[in-house]
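**Q** The structure under discussion is supplied below as structure tokens; questions concerning it will follow.
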Amino acid sequence: DFDYLIKFLCIGNSGVGKTSFLNHYTNGTFDTRFYSTVGIDFAVKKLAYKIHGQNRRLCLQIWDTAGQERFRSLTTAYYRESMGFIVMFDLTNEQSFLDIRYWLEQLKLYAYCDNPDVILCGNKSDLPLERVVSEEDADVTAARYGLSYFETSAATGSNVSASVEMLLDLVIKKMESTSEQALLDRRSSRKRILSKT
Numbered sequence: 032d033f034d035y036l037i038k039f040l041c042i043g044n045s046g047v048g049k050t051s052f053l054n055h056y057t058n059g060t061f062d063t064r065f066y067s068t069v070g071i072d073f074a075v076k077k078l079a080y081k082i083h084g085q086n087r088r089l090c091l092q093i094w095d096t097a098g099q100e101r102f103r104s105l106t107t108a109y110y111r112e113s114m115g116f117i118v119m120f121d122l123t124n125e126q127s128f129l130d131i132r133y134w135l136e137q138l139k140l141y142a143y144c145d146n147p148d149v150i151l152c153g154n155k156s157d158l159p160l161e162r163v164v165s166e167e168d169a170d171v172t173a174a175r176y177g178l179s180y181f182e183t184s185a186a187t188g189s190n191v192s193a194s195v196e197m198l199l200d201l202v203i204k205k206m207e208s209t210s211e212q213a214l215l216d217r218r219s220s221r222k223r224i225l226s227k228t
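Next comes the structure, spelled out in structure tokens:
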């Protein structure tokens, strides 16, 4: 049982480690074998979180999209249902880094709002000898798009929880400010009605 259902979508090229990242976050496991996601999959984690000063139970669903071209039209429908987005690239694969722009364009086209909450994750930080994307280049790209950036490792768990928690904080703050604004609007509307009578 839960008070809020929060949905995140993890996007990025095939092979960047989205599935491994989600598995590590939700159940602390890592499988060295590569399985390509077919279509879409999701993982669930239940959390306690303070919202409006009260402890609430959250059900966090993180949707894992297939990065291959042939599944992209299938996965765009899930953009509209997501409240937060993890754009992921592989620190050992330059093309996945260059394709960040493509994934952010997809967000602009299909996300539920014009300014969704997004974080950028450079995965496979546990492979320093294979690294081809520098931290400086990743930081510059994140700053250009106004994103928080994390270097993560699904293998070791480094920054996996921290990155998801940062995105959750952003989404919850937006939820709180939206509900507070709705409350202010209702009060203002009532005052206008009362002042007319």
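Position one of the sequence shown corresponds to residue 32 (the numbering used here), numbered consecutively onward.
Every residue gets a Cβ at the ideal spot worked out from N, C-alpha and C, and that includes glycine.
Owing to the predicted nature of the structure, the values given are computational and were not obtained by experimental measurement.
In chain order, what residues of the same chain lie with their CB nearer than 7 Å to the CB of Trp134, ignoring the 5 residues before and after it?
**A** Residue 134 sits at position 103 when you count from the first residue of the sequence shown. Ile42, Gly43, Val118, listed in sequence order.
**Q** Is it a yes or a no for the segment 72-91 touching the segment 157-168, going by three-plus beta-carbon pairs under 8 Å?
**A** Counting Cβ pairs under 8 Å, fewer than three are found: no touch.
**Q** Among Phe61, Met197, Asn54, which residue has its Cα nearest to the Cα of Ser179?
**A** The residue given as residue 179 occupies position 148 in the sequence shown. The shortest C-alpha separation from Ser179 is found at Met197.
**Q** Quick check: the Cα distance between Gly48 and Lys155, rounded to an integer number of angstroms?
**A** In the sequence shown, residue 48 corresponds to position 17, counting from 1. In the sequence shown, residue 155 corresponds to position 124, counting from 1. Approximately 8 Å, taken between the alpha carbons.
**Q** In this structure, how does DSSP classify Thr183 when only helix, strand and coil are distinguished?
**A** Position 152 of the sequence shown, counting from 1, holds the residue named residue 183. Here Thr183 sits in coil by DSSP.
**Q** If I follow the unbroken beta strand (DSSP E) through Thr96, where does it start and stop?
**A** For this step, residue 96 is matched to residue 65 along the sequence shown. Its beta strand (DSSP E) spans residues 85-96.
**Q** Considering only DSSP beta bridges, list what Phe39 is partnered with.
**A** Counting from 1 along the sequence shown, the entry for residue 39 is found at position 8. DSSP, once it has assigned bridges, lists Ile93, Gly115 as partnering Phe39.
**Q** Please list, in chain order, all residues of the same chain as Asp32 whose beta carbon is under 8 Å from its beta carbon, the five residues on each side excluded.
**A** In the sequence shown, counting from the first residue as 1, residue 32 sits at position 1. The residues are Arg88.
**Q** Using the C-alpha atoms, what's the distance from Asp34 back to Asn54?
**A** As a working mapping, residue 54 is identified with position 23 in the sequence shown. As a working mapping, residue 34 is identified with position 3 in the sequence shown. Going by the C-alpha atoms only, they are around 23 Å apart.
**Q** In terms of residue numbering, what span does the beta strand (DSSP E) encompassing Asn154 cover?
**A** Taking the sequence shown and counting its residues from 1, one reaches residue 154 at position 123. Run containing Asn154: 148-154, per the beta strand (DSSP E) assignment.
**Q** Applying the 10 Å Cβ sphere with the 16-neighbour rule, what's the burial state of Tyr176?
**A** Sequence index remark: in the sequence shown, residue 176 carries index 145 (1-based). Its Cβ having fewer than 16 others within 10 Å, Tyr176 is exposed.
**Q** Express the C-alpha separation of Leu91 and Asn56 in angstroms, rounding to a whole number.
**A** Start at 1 with the first residue of the sequence shown, and residue 56 comes out as number 25. Start at 1 with the first residue of the sequence shown, and residue 91 comes out as number 60. Per the sequence shown, the amino acid found at residue 56 is Tyr instead of Asn. Taking the straight line joining both Cα atoms gives about 11 Å.
**Q** Alpha carbon to alpha carbon, how far is Asp157 from Tyr109? Give it in angstroms, no decimals.
**A** Reading the sequence shown from its first residue, position 78 is the one you call residue 109. Reading the sequence shown from its first residue, position 126 is the one you call residue 157. For Tyr109 and Asp157, the distance between alpha carbons rounds to 30 Å.
**Q** Tell me the DSSP secondary structure of Tyr110 in three-state form.
**A** By one-based count along the sequence shown, residue 110 stands at place 79. Three-state result, Tyr110: helix.
**Q** Can you round the beta-carbon distance between Thr123 and Arg162 to whole angstroms, since I take them to be within the 8 Å contact cut?
**A** Taking the sequence shown and counting its residues from 1, one reaches residue 123 at position 92. Taking the sequence shown and counting its residues from 1, one reaches residue 162 at position 131. Correct: roughly 6 Å between the Cβ atoms.
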